[in-house]
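Enquirer: Below: one structure in structure tokens.
Chains as they are written, first to last, in my numbering: chain A, 176 to 286; chain B, 5 to 119.
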């Protein structure tokens with residue numbers, strides 16, 4: 176069965192600094208991977224997804240993620256954090272049409 | 005183009021009661037999935053409906069049941085509510101049968117509080 180581990184339940188960065196949110200997965204088959212963002216009291220919004228092809232995936236709001244099969248990782252990055260990026264971020268993998276989520280990482284951005 | 009909508013936004017119930025949550029999928033989508041998100045946790049898959057049938061189910065008791073209507077909208081019913089059922093319930097819609105690459109789009113959720 177697939178599973179997802181997000182390292183660090185809380186990450187704090189300064190505005191303008193690099194954002195790096197870590198995600199590792201376990202999967203017995205080629206995975207399809209997603210990053211979602213959740214703002215307070217809201218549902219989940221898709222940031223980006225990896226299915227096949229290019230391993231560097233670009234998403235909305237300047238985020239990108241790189242699929243590294245050898246490391247079973249799908250880390251999310253953004254070169255320069257903005258105050259509006261403060262939110263909860265979830266990494267997910269598909270398993271038979273359903274999504275398996277990590278525990279989430281709360282991103283705080285300091286002015 | 006309307007996205008996924010859910011109603012109500014908030015709900016307060018007492019232990020032992022029953023609750024029904026509703027979801028309308030994104031236009032053009034025919035598959036609805038339900039997730040439970042407890043406070044501080046990632047969403048957990050409850051079940052998925054396609055062509056008015058439950059296609060797969062997560063590790064939730066039979067107190068959790070659902071339905072999909074011909075217009076693809078869906079309901080989630082929870083009987084004999086427990087305090088532990090307090091959570092944000094998320095509905096997600098997608099298109100197609102068993103397409104694991106298909107993206108699921110989420111609604112804003114229904115916050116259920118059980119007292």
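Using N, Cα and C, we set each Cβ at its ideal position, and we do this for glycine too.
1) List the residues of chain B whose Cβ lies closer than 7 angstroms to the Cβ of residue 265/A, in chain order.
2) Tell me the rounded alpha-carbon separation between residue 178/A and residue 47/B.
3) Are the region 211–228 of chain A and the region 180–200 of chain A touching, with three or more C-beta to C-beta distances below 8 angstroms?
4) So, is residue 13/B buried or exposed, given that buried needs 16 or more other C-beta atoms within 10 angstroms?
5) State yes or no: is the C-beta of residue 268/A within less than 7 angstroms of the C-beta of residue 211/A?
6) Specify the secondary structure class of residue 191/A as computed by DSSP and reduced to three states.
7) What span of residues does the beta strand (DSSP E) with residue 23/B cover, start to end?
8) Could you tell me which chain B residues have their CB closer than 8 angstroms to the CB of residue 274/A, listed as they occur along the chain?
9) Would you check if the distance between the CB atom of residue 41/B and the CB atom of residue 92/B is smaller than 7 angstroms?
10) Could you list which residues in chain A have their beta carbon closer than 7 angstroms to that of residue 113/B, in chain order?
Expert: This is what the structure holds:
1) 46
2) 13 angstroms
3) no
4) exposed
5) no
6) coil
7) 23–28
8) 37, 39, 47, 49, 96, 108
9) yes
10) 218
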